[in-house]
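Numbering (our numbering) for the sequence shown: 17 to 115.
Where is the CB? At the ideal position from N, CA and C, for every residue including glycine.
All of these numbers come straight from a predicted model, not from anything done at the bench.
Let me begin by presenting the structure, written as structure tokens, before commenting on it.
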Amino acid sequence: MNDLYLRLGRTMANICKPGFHQAALLASVDEEGAALQLTYSLDDGSEWEPELSEEDRQELRLALTAVRHAQGQEDDGKVWKTCTVVLTRGGGFEMDVGY
């Protein structure tokens with residue numbers, strides 16, 4: 017499972033400017049796709065919301081789907097519909113989900 021979280025975190029980090037302080041991904045996932053919003057902040061306090069390319073969206077969707085299905089297998093098939101993922105400098109990773 018940790019490798020799936022690592023993949024998701026790396027996918028997010030690759031979209032952000034190098035040296036970001038914190039990044040947050042808000043996602044709403046269903047059978048038709050995913051609504052995604054990524055924001056990040058820099059040390060100077062500025063906040064950015066990069067425009068996600070179709071490739072970015074596809075990579076994020078794949079990483080989220082892998083995590084979602086793996087968590088569902090561990091939780092008697094129950095899969096989440098929304099999530100917030102927060103990365104912080106130094107390897108911090110937090111994920112909250114909604115059913």
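Opening and closing residue of the beta strand (DSSP E) in which residue i lies
i, result
"L22", "No beta strand (DSSP E) contains L22, which is instead part of the alpha helix (DSSP H) from 18–31."
"G35", "Taken as a continuous stretch (DSSP letters only), G35 belongs to no beta strand (DSSP E), as it is neither H nor E."
"V95", "Where V95 is concerned, there is no enclosing beta strand (DSSP E), given that its DSSP letter is neither H nor E."
"G49", "49–57"
Identity of the residue in the options nearest residue i by Cα
i, options, result
"L74", "D112, A43, P34", "Here residue 74 turns out to be Gln, not Leu, going by the sequence shown. The residue with the shortest Cα to Cα distance from Q74 is A43."
"V113", "L41, T27, H37, G35", "L41"
Per-residue burial, residue i [other beta carbons within 10 Å of its own, 16 or more giving buried]
i, result
"W64", "exposed"
"R84", "buried"
Cutoff 6 angstroms; reference residue i; Cβ partners in own chain excluding five residues on either side
i, result
"Q38", "S57, T104"
"M17", "A86"
Residues sharing a beta bridge with residue i, DSSP
i, result
"E110", "V102"
"L42", "Q53, T100"
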